[in-house]
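Asker:
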Amino acid sequence: MATTPHLQRALTPLLLWGLGVGYVISGMYFGWNLGLEKGGTLGMAIATLLVIVLYVSFTLCYAELACAIPKAGGVFDYATRALGRDWGFLAGLAQVFEFVLAPPAIAAGIGAHLHLFFPQLSPLYGALGAYLLFTLLNVLGVKLAATFELVITLLAIVGIGLFVILTYPHIQTVRFTQNALPHGWAGVWAAIPFAIWFFLGIEGLANAAEESTHPQRDLTRGFAWAMLTLVLLCGLTFVGAVGVAGWTAAVFKTDGSATDSPLPLVLSHFLGENGFYWAVVVFGLFGLVASFHGLLMAAGRATFEMGRVRLLPAWLGKIQERFKTPSNALFFNMLVGITALLSNTTADIIVLSVLGALTLYGFGVVSLLALRRRAPTLVRPFKTPLYPYLPVVSLVLIGIAFGAVVVSNFTLSLYYLGALGGAFLLHKVSKK
565 MATTPHLQRA LTPLLLWGLG VGYVISGMYF GWNLGLEKGG TLGMAIATLL
615 VIVLYVSFTL CYAELACAIP KAGGVFDYAT RALGRDWGFL AGLAQVFEFV
665 LAPPAIAAGI GAHLHLFFPQ LSPLYGALGA YLLFTLLNVL GVKLAATFEL
715 VITLLAIVGI GLFVILTYPH IQTVRFTQNA LPHGWAGVWA AIPFAIWFFL
765 GIEGLANAAE ESTHPQRDLT RGFAWAMLTL VLLCGLTFVG AVGVAGWTAA
815 VFKTDGSATD SPLPLVLSHF LGENGFYWAV VVFGLFGLVA SFHGLLMAAG
865 RATFEMGRVR LLPAWLGKIQ ERFKTPSNAL FFNMLVGITA LLSNTTADII
915 VLSVLGALTL YGFGVVSLLA LRRRAPTLVR PFKTPLYPYL PVVSLVLIGI
965 AFGAVVVSNF TLSLYYLGAL GGAFLLHKVS KK
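Per our numbering, the sequence shown starts with residue 565, numbered consecutively.
1. Please list, in chain order, all residues of the same chain as E628 whose beta carbon is under 8 Å from its beta carbon, the five residues on each side excluded.
2. If we call anything under 8 Å between Cβ atoms a contact, is R688 one with P828?
3. If you draw a straight line from the C-alpha of L860 to the C-alpha of G901, how long is it?
4. Which residues in the same chain as A566 place their Cβ atom closer than 6 Å to its Cβ, once the five residues preceding and following it in sequence are excluded?
5. Which parts of the stretch 901–960 are runs of the beta strand (DSSP E), unbroken and 3 residues or longer, counting only runs that do not cross its ends?
6. With distances taken Cα to Cα, identify the nearest neighbour of V585 among L764, F868, R649 and F594.
7. Which word fits V993, buried or exposed, when buried means at least 16 other C-beta atoms lie within 10 angstroms of its C-beta?
8. Among G656, A632 and L704, which has the Cα closest to the Cα of E885?
9. Tell me the rounded alpha-carbon separation between V830 and F856.
10. If you run the structure through DSSP and keep just helix, strand and coil, what is L624?
11. Could you give the first and the last residue of the continuous alpha helix (DSSP H) run that contains I633?
12. Suppose you measure from the CA of N743 to the CA of T605; what does that come to, to the nearest Å?
13. Rounded to the nearest angstrom, what separates V795 and S621 at their Cα positions?
14. I'd like to know if the stretch 870–884 and the stretch 648–661 are in contact, where contact means that at least 3 CB-CB pairs between them fall below 8 Å.
15. Please confirm whether A1001 and G607 have their CB atoms less than 8 Å apart.
16. Are the stretch 610–624 and the stretch 953–967 in contact at 8 Å, needing three or more beta carbon pairs?
17. Distance, Cα to Cα, V957 vs L618?
18. Taking Cβ positions, are F834 and V808 nearer each other than 8 Å?
19. When you compare only the Cα positions, how much space is there between E767 and D782?
20. Classify K817: buried if its beta carbon has 16 or more other beta carbons within 10 angstroms, exposed otherwise.
21. Report yes if the CB atom of P757 is closer than 8 Å to the CB atom of L905, and no otherwise.
22. Across the stretch 655–663 and the stretch 917–925, are there enough close Cβ pairs to call them in contact, namely three or more that are closer than 8 Å?
23. Return the CA-CA distance between D641 and M898, expressed in angstroms with no decimal places.
24. Spatial neighbours of I716 within its chain, please: C-beta separation below 6 Å, excluding the five flanking residues on both sides.
25. Comparing alpha-carbon positions, which option in F868, A863 and L792 lies nearest E662?
26. Got a sec? Which residues, its chain only, sit under 6 Å from Q780 by beta carbon, not counting five neighbours each side?
27. Should L700 go down as buried or exposed, given a rule of 16 or more other Cβ atoms within 10 Å for buried?
28. Report the three-state DSSP secondary structure of A772 (helix, strand or coil).
29. When the Cα atoms are used, what is the spatial distance from L714 to A983?
30. Can you look up A566 in the DSSP assignment and give me helix, strand or coil?
31. Note down the Cα distance separating G638 from A866, rounded to an integer number of angstroms.
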């Protein structure tokens, strides 16, 4: 085996768009609705608008980095180049935190949707089966995995379209004002992690750079097309879910517990459980699978890159000889994800994943600013518009969002920061 293993280049612009949307689209089907409980309609709407500005500005910054440094490690490679190996290690660890912890939350949603079809099947067993099946699919080859991702993403978009067609004739404007800010303005900050869940994962597109046929040209298009698609889907989903019966209808089941399948729950208020209801359940399952499968792919690349440069155990940086995929990293991530899944705390897993994402975003923007100063001759096929104002706006919003998540989830944030700090200390000790 070669000392520096390389991944196979097979991703076209269409496949990159499918990955970008697919990583995220489960956020339209579940998870975001938990923010309604925190902020109500108005609080969640304000949080979502702030997050949209954050993501649009951030993706424009991140696209520059991805085109200039097309490596599988994403922010790890950017921060290492811009800030040094130690900061790169922390950035890469935050990225692994996000990509490895997001799939267990989505797997819980997959289990919940399968349970709607097969009440005798435990949601946990459905989630565990999904982990094994889609990890194996990722091992079998990047082109196969990305083509499957494109197909399943298109089906998930059709599902959002069907939900819109079914709900919009039943929307009542009064529903948007009912108990719109149940916890006051503090609810806006508490809703931010769940607004981020609408878009969390799009940055994983950068980790596919090394497998893109023309990364310097195609990644910019992938980011732009995917972000535009996701903003549109987010707005349509939010309005349809809240406008039918108020925000509580998208959160609470009849027994008072929070749901992991809000869109079918909203439809049940006026459709019952007819054929259209079950069609949206099926399409929702496609959406969850698209994000789950795509994030497994991104997580494998992030862990693989850190193993390849020996900042994580070297065996994680090995490539499977026949399929040219990072199989060791994929199976390792599966074991970590299943451990998190068994904790049965979807909301907490989402928060921890969001903290990892926001750390990644901060490192990404800081790396962009540093590289503009330290590497002015670096070839940049795409340059962030409105520089330096747009990166500064992005960094400020990232800081605000991170602070809001910490204030609203202080204990979880301590666990997260403690894990990062502990891993960094182990990293420094092991180098001596």
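By construction, the Cβ of each residue, glycine as well, lies at the ideal position given by its N, Cα and C atoms.
Answerer: In short:
1. Contacts found: L932, R944, F946, K947 and T948.
2. Per the sequence presented here, residue 688 reads as Leu, with Arg not at that position. In this structure, L688 keeps its C-beta atom at 8 Å or more from the C-beta atom of P828.
3. If you draw a straight line from the Cα of L860 to the Cα of G901, it comes to about 10 Å.
4. Summary for A566: the model assigns pLDDT 45, below 50, so the residue's position carries little reliability, and this model does not support an answer.
5. List check, beta strand (DSSP E) in window: nothing returned.
6. Nearest C-alpha to V585 among L764, F868, R649 and F594: L764.
7. Answer is exposed; the Cβ neighbour count stays below 16.
8. For the residues G656, A632 and L704, the minimum Cα distance to E885 belongs to L704.
9. If you take the alpha carbons of V830 and F856, they lie about 23 Å apart.
10. Looking at L624 - three-state DSSP - the assignment turns out to be helix.
11. Per DSSP, I633 belongs to no alpha helix (DSSP H) and is neither H nor E.
12. Looking at the two C-alpha atoms, the distance is approximately 8 Å.
13. Linking V795 to S621 through their CA atoms gives a straight-line distance of about 13 Å.
14. Yes, they touch.
15. Any answer about residue 1001 is impossible in this case: the structure gives the chain only from 565 up to 996.
16. Counting C-beta pairs with one atom in each stretch, the stretch 610–624 and the stretch 953–967 have three or more that are closer than 8 Å, which means they touch.
17. One C-alpha to the other measures close to 8 Å.
18. For the 8 Å CB-CB criterion, F834 and V808 form a contact.
19. So the two alpha carbons sit approximately 15 Å from each other.
20. Exposed.
21. Cβ distance not < 8 Å, so P757 and L905 don't count as in contact.
22. The stretch 655–663 vs the stretch 917–925: in contact.
23. Our two residues, D641 and M898, have alpha carbons roughly 23 Å apart in a direct line.
24. Taken in chain order, the residues that qualify are F850, V853 and A854.
25. Measuring from the Cα of E662, the nearest candidate turns out to be A863.
26. The answer, listed in chain order, is C631 and P945.
27. By the neighbour-count rule (16 or more Cβ atoms within 10 Å), L700 is not buried but exposed.
28. In this structure, A772 counts as helix in the three-state DSSP scheme.
29. Going by the C-alpha atoms only, they are around 35 Å apart.
30. With a pLDDT of 45 at A566, under the threshold of 50, the modelled position of that residue is not reliable, and no figure is offered here.
31. Those two C-alpha atoms are separated by around 7 Å.
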